[in-house]
Amino acid sequence: MFEEKQGNLEESRRIMRSFDEAVPGLAIVGLRRANLERRQGNLEEAESLLREVIRLNEGTPLASFYSSKLARQLVKVQKNLVRARKVLMEAIEKDPENSKLHLNLLELEFSSDVRQNEGNVLNCIERVLQSNLPTEIKIIFSQRRVEFLEDFGSSIQNLLTAYDEHQKLLKQVSTKKRAAENGPTEESQSKKAKDGSLTATTAATTATASSTAMMGGDMTNSQAAYNYGSWYQHYGAYAYQNPWNYNQYYSQS
Numbered sequence: 001m002f003e004e005k006q007g008n009l010e011e012s013r014r015i016m017r018s019f020d021e022a023v024p025g026l027a028i029v030g031l032r033r034a035n036l037e038r039r040q041g042n043l044e045e046a047e048s049l050l051r052e053v054i055r056l057n058e059g060t061p062l063a064s065f066y067s068s069k070l071a072r073q074l075v076k077v078q079k080n081l082v083r084a085r086k087v088l089m090e091a092i093e094k095d096p097e098n099s100k101l102h103l104n105l106l107e108l109e110f111s112s113d114v115r116q117n118e119g120n121v122l123n124c125i126e127r128v129l130q131s132n133l134p135t136e137i138k139i140i141f142s143q144r145r146v147e148f149l150e151d152f153g154s155s156i157q158n159l160l161t162a163y164d165e166h167q168k169l170l171k172q173v174s175t176k177k178r179a180a181e182n183g184p185t186e187e188s189q190s191k192k193a194k195d196g197s198l199t200a201t202t203a204a205t206t207a208t209a210s211s212t213a214m215m216g217g218d219m220t221n222s223q224a225a226y227n228y229g230s231w232y233q234h235y236g237a238y239a240y241q242n243p244w245n246y247n248q249y250y251s252q253s
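Quick note: the UniProt record's numbering has the sequence shown finishing at residue 253, numbered continuously throughout.
Next up, the structure:
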């Protein structure tokens with residue numbers, strides 16, 4: 001970067017290329033090589049460098065990481081949503097349980113005209129809901145679907161269906177949590193049998209409270225519904241890092 005600052009572009013390219021060859025696998029080097037070309041307006045070369053490191057790291061987390069970076073460049077710099085979507089879709093096919101890729105794809109779909117892109121947004125979310133990702137992650141995407149359909153959806157039936165499915169996911173998590181807390185003991189099983197009606201009443205009360213929160217001001221009036229910073233905080237609560245955070249890859253070889 002020092003050489004680039006001094007205007008010595010060829011020397012900067014040579015240094016980074018040599019470093020990349022000497023210590024392969026460092027994400028920051030590949031990114032800086034691509035970004036050097038981007039800053040010089042060499043968008044084709046920048047794209048080519050990212051595609052090359054994706055190929056070289058195929059089958060590793062770095063391939064998914066670089067795919068996210070390439071997609072971001074395609075949509076933000078080259079203004080090509082179609083090609084960016086293709087990059088992420090191909091990455092998801094190879095790494096289907098990488099929740100960061102799904103999140104990046106959803107962000108990409110939200111970045112376009114949502115009135116014309118409703119189908120792609122819903123397909124993106126449905127893909128996650130049908131995947132083997134943790135239920136907690138599915139809940140995040142399911143909630144975004146309800147919010148999206150509430151704010152931009154063209155069908156009230158789709159909204160009501162999404163809301164019902166979201167409640168089912170919440171119930172699954174609640175049931176698992178209670179089971180983990182109680183433990184599979186004979187005493188707890190007996191207690192469940194005796195208090196079945198109480199459990200049903202409690203579940204109904206919880207669902208009603210959840211319904212009020214979801215369909216009330218929290219969802220329809222919140223200006224933060226598509227605030228990705230806020231979204232990533234919830235995402236991080238399940239031990240997933242910010243999708244654009246690449247510090248964890250710097251030391252890989």
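All C-beta atoms, glycine included, are put in the ideal place defined by N, C-alpha and C.
- Judged by DSSP secondary structure, LEU101 falls within the alpha helix (DSSP H) whose first and last residues are 99 to 110.
- When secondary structure is reduced to three states using DSSP, PRO24 falls in the coil class, being assigned neither helix nor strand.
- In this structure, GLU97 places its C-beta atom within 9 Å of the C-beta atom of SER131.
- Straight-line measurement puts the Cα of LYS138 at about 10 Å from the Cα of ARG127.
- For the set ALA162, ALA27, LEU103, the Cα lying nearest the Cα of THR60 is the one of ALA27.
- Burial state of SER99 is buried, judged by a 10 Å Cβ sphere holding 16 or more other Cβ atoms.
- Within the same chain, Cβ atoms closer than 8 Å to the Cβ of ASN158 are found at LEU122, LEU149, the five residues on either side in sequence being excluded.
- Distance from the Cα of MET89 is smallest, within the candidate group LYS76, GLU147, GLU52, SER67, for SER67.
- Counting along the chain, the unbroken alpha helix (DSSP H) around GLN172 starts and ends at 156 to 182.
- Rounded to whole angstroms, the separation of the alpha carbons of LEU70 and ARG51 is 8 Å.
- The alpha-carbon separation between LYS177 and LEU31 amounts to approximately 42 Å.
- Listed in chain order, the non-local C-beta contacts of SER48 below 6 Å within the same chain number zero, local neighbours out to five positions each way being set aside.
- Between the beta-carbon of GLU37 and that of ALA46 there is about 4 Å, and that keeps the pair under the 8 Å contact cut.
- Exposure of ALA179 is indicated by the presence of fewer than 16 other C-beta atoms within 10 angstroms of its C-beta.
- Take the alpha-carbon of LEU170 and the one of LYS79: they are about 37 Å apart.
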